[in-house]
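Here the structure is laid out as structure tokens; the discussion comes afterwards.
In my numbering, the protein residues as written are 649 to 1077.
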């Protein structure tokens, strides 16, 4: 039996995603070397090999996005030659090089499979389960899946993080995937079963977002939920509900809320959540994570360097040295925009901005999609951009790019075919 080429590409995508998800856990639990590090290099090499023999003709809009992504990482690859990289820095760079490879293979799959919507729904389902089930198991059983870099990120301290190294990474991945779940299940889903499955997946992502206690991610998730209800012609009801909740909070004496939050000390997960919420509401200046981010952003804003190739991946000590209260920013500046510019220079940053502009411009002008789908496709990129500020770094989270890739490629393929129902594409109501 002849195996179609896209079957191999689908296998590669799933294999790489699984490696990223379970690699840290296998290293911690079984003591084996990280499988995601060498597999990233193999994935990049295999994709380049495939590109040599595949059709070189692309739809213009797909080609524009791919070229921006390819140029972004190709420029960063100069550091393989010009910088003395440590093993960790080399692995970081390989993870980054995977990004356009994911985009390229996803395009080959979505443009060729008989049921592209089904393919995307299955991929999103697997991705969601990888994100959501492990932290819920952690909370229920007390079994930790990955090692921690400090006691404050341990399970005993209430930091459930599943297969990720810290809760912020988990929350960012969950909230970036949430708009794609709404689009491909709830808006483009063709049956009640698909729409119901979408709500289950969306709820699971919401659960782990709240478990993470990441305030920005929680705000993003709640905003997505509110926007969904507003677009369901329940806008007035939703706005009244939000206003009523705010009014209730405003009229409640602050000492009652403070005492309630401070009383949640019996459970480490509740204690972590309540303490972070307390700092945000009543003692913002004492929040070390916020003040440290402000240090980084303020110094970068006041002293922007002119960089063509950058300092290399996670090597910013020369720039930040002596100007920050902690050395964490020397490797993780808590902003993808800053990290991209400092690490790889102006060319990579401009290429990334080119990808973002290409995404926004083509989604905004796409035909054959509903206004709701278009709106949440644009929101998905906005959430991704905001998500770049939530964890300390997203360089080692190449799968974070997948939701926007899936949305962009699918919508552009609909536009290219010039009709909604073709090659398995869902009809647009």
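Where is the CB? At the ideal position from N, CA and C, for every residue including glycine.
Check                                                                                                        : Outcome
Whole-Å CB distance - residue 676 paired with residue 1050, under 8 Å assumed                                : About 24 Å separates the two Cβ atoms, so there is no contact after all.
Cβ shell of residue 719 (< 6 Å), same chain only, five flanking positions each side left out                 : 999
Three-state class that DSSP yields for residue 786 in the structure shown                                    : helix
Enclosing alpha helix (DSSP H) for residue 1020 [first to last residue]                                      : 1019-1035
Contained beta strand (DSSP E) runs [length at least 3] in the stretch 958-1016, N- to C-terminal order      : none
With 16 other Cβ atoms within 10 Å as the buried cut-off, status of residue 747                              : buried
Residue 1038 and residue 862 closer than 8 Å at C-beta                                                       : yes
Where residue 727 sits in the DSSP three-state scheme                                                        : helix
For residue 955 and residue 769, the rounded distance between their alpha carbons                            : 41 Å
Proximity winner among 681, 660, 1041, 864, relative to residue 695 (alpha-carbon distances)                 : 660
Sub-8 Å separation of residue 960 and residue 727 beta-carbons                                               : yes
From 994, 662, 772, 826, residue whose alpha carbon lies closest to that of residue 865                      : 826
Cα-Cα separation, residue 806 to residue 783                                                                 : 11 Å
Pair within 8 Å by beta-carbon distance, residue 711 and residue 687                                         : no
Closest by C-alpha distance to residue 983, when choosing among 821, 962, 1040                               : 1040
Residue 649 to residue 656 span [Cα, whole Å]                                                                : With a pLDDT of 41 at residue 649, under the threshold of 50, the modelled position of this residue cannot be trusted; read the value that follows with caution. When rounded, the distance between both Cα atoms is 14 Å.
Per-residue burial, residue 899 [other beta carbons within 10 Å of its own, 16 or more giving buried]        : exposed
Residue 1031 vs residue 824 beta-carbon contact at 8 Å                                                       : yes
Counted within 10 angstroms of its Cβ, other Cβ atoms place residue 901 as buried (16 or more) or exposed    : exposed
Close Cβ partners of residue 1058 (< 7 Å) along its chain, the five nearest in sequence each way excluded    : 758, 764, 768
Sequence-distant residues of its chain with Cβ nearer than 7 Å to residue 988 (five each side left out)      : 996, 997, 1000
Alpha carbon of residue 791 to alpha carbon of residue 923, nearest angstrom                                 : 23 Å
Secondary structure of residue 1069, DSSP reduced to three states                                            : Below a pLDDT of 50, predicted positions are generally treated as unreliable, and residue 1069, at 37, falls in that range; no measurement from the model is reported.
Where residue 887 falls, given that 16 or more other Cβ within 10 Å makes a residue buried                   : exposed
Helix, strand or coil at residue 652 according to DSSP, with G and I counted as helix                        : coil
Among 1005, 772, 814, 680, the one whose alpha carbon lies nearest that of residue 1054                      : 772
Candidates 713, 853, 715, 752: closest to residue 654 by CA position                                         : 752
Start-end ranges of the alpha helix (DSSP H) lying completely within the stretch 713-783, minimum 4 residues : 727-730, 735-758
Span of the alpha helix (DSSP H) around residue 689                                                          : 684-701
N-terminal and C-terminal residue of the alpha helix (DSSP H) that residue 863 is part of                    : 863-877
For residue 901, three-class secondary structure by DSSP                                                     : coil
Pairwise C-alpha distance: residue 809 and residue 915                                                       : 16 Å
Start-end ranges of the alpha helix (DSSP H) lying completely within the stretch 792-851, minimum 4 residues : 815-829
Pairwise C-alpha distance: residue 701 and residue 855                                                       : 44 Å
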